[in-house]
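One structure is given here, and the rest of the page talks about it.
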């Protein structure tokens with residue numbers, strides 16, 4: 081019952097239900113289904129970015145590279161090596177975890193701007209390897225006919241609706257994981273690092289190790305998103321690992337709201353829709369979208385969910401204060417000051433949600 | 048040996064271009080404390096404007112670069128006013144994201160005006176020079192000479208002129224500089240304009256050798272960032288040394304190993320340096 085009173089949970093449920101019901105309306109339109117499914121693949125990678133950028137406050141620009149590793153891992157293993165999708169998928173996830181961990185070992189020695197530029201270099205090296213190593217990755221001819229997941233005779237993943245629900249379920253798991261991280265001590269550790277690394281270090285948080293974990297986790301989610309993208313689209317080229325992908329993800333997370341649970345999903349869906357809307361203009365779409373990104377960062381840096389969350393927080397704070405006043409009538413004065421003191425204090429634990 | 052000298056001059060010419068682009072970026076970092084990810088897009092825009100004035104309008108080569116550079120100075124000032132100034136108190140991730148937005152805007156704009164196809168800008172400077180048996184195209188010599196002159200002028204401007212000295216003062220201590228009457232906003236505008244101007248000179252010089260395309264700034268962007276990280280963010284000598292070192296390493300590996308390695312060498316060096324010394328080679332103590 082308590083859960084129903086939580087507007088955040090209700091909002092999240094609404095988004096999820098709308099998305100789950102999407103195939104009912106679009107089942108006949110394969111193109112629309114595909115667009116939404118690809119958008120959800122990107123959303124998974126954006127959840128990865130959310131862990132390192134939103135929670136930990138480190139701008140990683142290698143996410144597109146990890147997405148590309150995921151896509152090419154699944155793509156190459158299922159075609160050139162003729163593995164089944166599931167085994168390729170699992171091996172790819174383990175692979176991206178390993179690559180992410182190793183990159184993190186060096187990348188996390190750097191801080192702030194150095195970290196951002198360094199991860200951008202990592203992303204670019206991944207892109208160069210994929211686009212130049214012709215004997216393995218086929219360079220610009222890309223990988224064709226990536227296998228569909230095997231349904232074991234029960235589900236036929238060649239139908240767009242089945243594929244949609246596969247990605248949807250994995251996306252839900254990612255959302256739950258994000259929520260769980262947010263709630264756990266790990267999440268609080270990461271938020272402390274975002275607030276101040278020196279402070280976190282001083283109070284005994286293992287800064288290096290936590291950042292390492294966050295970076296590896298973000299790489300894994302990037303890999304999962306990429307792997308699913310490969311099987312959904314069926315054809316992948318080097319541009320699936322390009323730096324533009326990273327910037328797209330950045331835009332998704334920015335529109336939705338960094339460090340929120342629902343933000344990446346909502347942002348991915350809205351921006352994917354905008355991209356489709358400007359489809360006719362192809363590359364010119366950034367004449368409009370570029371200034372939108374800038375305006376968002378300047379005027380609404382917390383994104384849609386951050387903005388809505390702010391309204392919810394203010395309302396609940398008012399309620400709490402009103403409640404405190406009401407109870408204070410009968411209570412002792414000490415209790416009154418203590419209660420309203422905690423409610424109106426500057427540091428609001430819910431603020432960052 | 049002839050090949051080596053040939054490549055050495057190619058490397059020096061490329062190094063001049065990298066230096067001009069990198070110095071602007073490192074100045075911006077020193078003053079505004081932000082890595083301007085849109086720098087490559089400014090470079091691209093400069094190349095296209097030079098192309099426009101040279102081939103469409105028909106002004107002489109050097110004048111075309113000059114006009115384009117002045118126009119880009121205005122663009123740089125506008126970028127500071129409209130994008131970076133409102134974000135001056137935000138967390139550092141926000142600048143970078145906004146810069147990315149600006150970068151996409153410039154690329155789309157160039158594509159809308161000039162199309163996505165590669166364009167070739169014919170150099171008005173033809174002919175070759177024979178140095179120690181190697182044939183060096185006059186364009187490359189022009190690049191090296193102009194780069195050295197511009198670098199010397201810039202050094203004079205920053206060390207001797209009053210406006211240049213304000214840049215250095217702000218770099219050293221923002222609060223202290225504003226206390227003695229230097230306006231940080233003006234200096235920020237000047238610095239971003241100057242960096243766009245330098246990038247345009249670099250682009251105008253190298254455009255006859257390379258092809259023009261709306262995404263031509265991307266590869267340069269990454270390399271220039273590699274250079275200023277190697278040299279230490281905000282360090283001018285670091286940018287100059289890093290620029291020439293990287294360009295020569297690049298042309299040499301491209302000649303003697305393979306072109307793919309040549310393209311990646313910047314990042315391999317970058318990874319190696321940061322793995323050993325995470326704050327760059329020439330970093331001075333940076334106060335925040």
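Residue numbers (the numbering used here), protein chains in the order written: chain Z, 81 to 433; chain Y, 48 to 335.
Positions of the beta carbon are idealized from the N, C-alpha and C atoms, including for glycine.
Since the model is a prediction, treat every value here as computed from it, not as a measurement.
- Message: With a threshold of 6 Å on Cβ separation, who are the neighbours of residue 301 (chain Y) within its own chain once the five nearest residues in sequence on each side are excluded?
- Response: 309
- For residue 236 (chain Z) and residue 89 (chain Z), the rounded distance between their alpha carbons: 33 Å
- Message: Judging by CA-CA distance, which residue of Z:227, Z:392, Z:211 is the nearest neighbour of residue 221 (chain Z)?
- Response: Z:211
- Query: Since residue 147 (chain Z) and residue 347 (chain Z) are thought to touch, with beta carbons under 8 Å apart, how far apart are those beta carbons, to the nearest angstrom?
  - Reply: Wrong, their Cβ atoms sit about 16 Å apart, outside the cutoff.
- Message: Per DSSP, what are the beta-bridge partners of residue 285 (chain Z) in this structure?
- Response: None, per the DSSP bridge assignment.
- Residues of chain Y with CB under 7 Å from residue 212 (chain Z), in chain order? 307
- Residues that residue 370 (chain Z) contacts on chain Y, provided the C-beta gap is smaller than 7 Å: 148, 149, 151, 152, 155
- Message: Tell me which residue opens and which closes the alpha helix (DSSP H) that residue 215 (chain Y) is part of.
- Response: 209-219
- Message: To the nearest angstrom, how far is the alpha carbon of residue 244 (chain Z) from that of residue 179 (chain Z)?
- Response: 28 Å
- Task: Name the one or two DSSP bridge partners that residue 175 (chain Y) has.
- Result: Y:184
- Query: Counting only beta-carbon atoms, is residue 140 (chain Y) nearer than 8 Å to chain Z?
  - Reply: yes
- Item | 6 Å Cβ shell around residue 332 (chain Y) - same chain, five flanking residues per side excluded | Because residue 332 (chain Y) sits at a pLDDT of 47, beneath the cut-off of 50, its placement in the model cannot be relied upon, and the point is left open.
- Query: For residue 223 (chain Z), does the three-state DSSP call read helix, strand or coil?
  - Reply: strand
- Tell me, please, whether the CB atom of residue 374 (chain Z) is closer than 8 Å to any CB atom in chain Y? yes
- Task: Please compile the residues from chain Y whose C-beta is within a distance smaller than 8 Å of the C-beta of residue 116 (chain Z).
- Result: Under the 8 Å cutoff, chain Y gives no residues; its nearest Cβ is about 24 Å from residue 116 (chain Z).
- Query: Considering only C-alpha positions, which residue in the set Z:319, Z:132, Z:121 is nearest to residue 292 (chain Z)?
  - Reply: Z:132
- Is it true that the CB of residue 407 (chain Z) sits closer than 8 Å to the CB of residue 307 (chain Z)? no
- Under 7 Å Cβ to Cβ from residue 322 (chain Z), same chain only, skipping five residues before and after it: list those, please. 144, 207
- Rounded straight-line distance, which links the Cα of residue 291 (chain Y) to that of residue 173 (chain Y): 24 Å
- Query: What does residue 192 (chain Z) touch in chain Y if you count any residue whose Cβ is under 8 Å from its own?
  - Reply: 139
- the region 72-86 of chain Y in contact with the region 240-250 of chain Y per 3-pair CB rule at 8 Å: yes
- For residue 265 (chain Y) and chain Z, any beta-carbon pair shorter than 8 Å? yes
- Message: Under 7 Å, CB to CB, which of the residues in the region 168-197 of chain Z have a partner in chain Y?
- Response: 186, 189, 190, 192, 193, 194, 196, 197
- Query: With 16 as the cutoff for other CB atoms within 10 Å, does residue 142 (chain Y) come out buried or exposed?
  - Reply: buried
- Step through the CB atoms of chain Z and report whether any lies within less than 8 Å of the CB of residue 107 (chain Y). no
- Message: So that I know if they touch, is there some Cβ in chain Y lying closer than 8 Å to that of residue 223 (chain Z)?
- Response: no
- Task: Identify each residue in the region 80-109 of chain Y for which the Cβ-Cβ distance to at least one residue of chain Z is less than 9 Å, and report them in chain order.
- Result: 80, 81, 82, 84
- Classify residue 99 (chain Z) as buried or exposed, calling it buried when 16 or more other Cβ atoms lie within 10 Å of its own Cβ. buried
- Task: Kindly give me the distance between the Cβ atoms of residue 249 (chain Y) and residue 150 (chain Y), rounded to whole angstroms, as I take these residues to be in contact under 8 Å.
- Result: Actually they are not in contact, since the Cβ atoms of residue 249 (chain Y) and residue 150 (chain Y) sit about 17 Å apart, beyond 8 Å.
- Query: Using the C-alpha atoms, what's the distance from residue 134 (chain Y) back to residue 183 (chain Y)?
  - Reply: 46 Å
- Query: How close, in whole Å, do the beta carbons of residue 63 (chain Y) and residue 194 (chain Y) come, if the pair is a contact with beta carbons under 8 Å?
  - Reply: 3 Å
- Query: To the nearest whole angstrom, what separates the beta carbons of residue 259 (chain Y) and residue 152 (chain Y), a pair I think is in contact under 8 Å?
  - Reply: About 18 Å separates the two Cβ atoms, so there is no contact after all.
- Which runs of the alpha helix (DSSP H) spanning at least 4 residues fall entirely within the region 93-140 of chain Y, listed in chain order? 108-126
- Query: Helix or strand or just coil, what does DSSP make of residue 428 (chain Z)?
  - Reply: Note that residue 428 (chain Z) has pLDDT 42, beneath the 50 cutoff, so the model's placement of it is unreliable and no number is given.
- Query: Can you check whether the CB of residue 151 (chain Z) is closer than 8 Å to the CB of residue 203 (chain Z)?
  - Reply: no
- Return yes when the Cβ of residue 332 (chain Z) is within less than 8 Å of the Cβ of residue 351 (chain Z), no when it is not. yes
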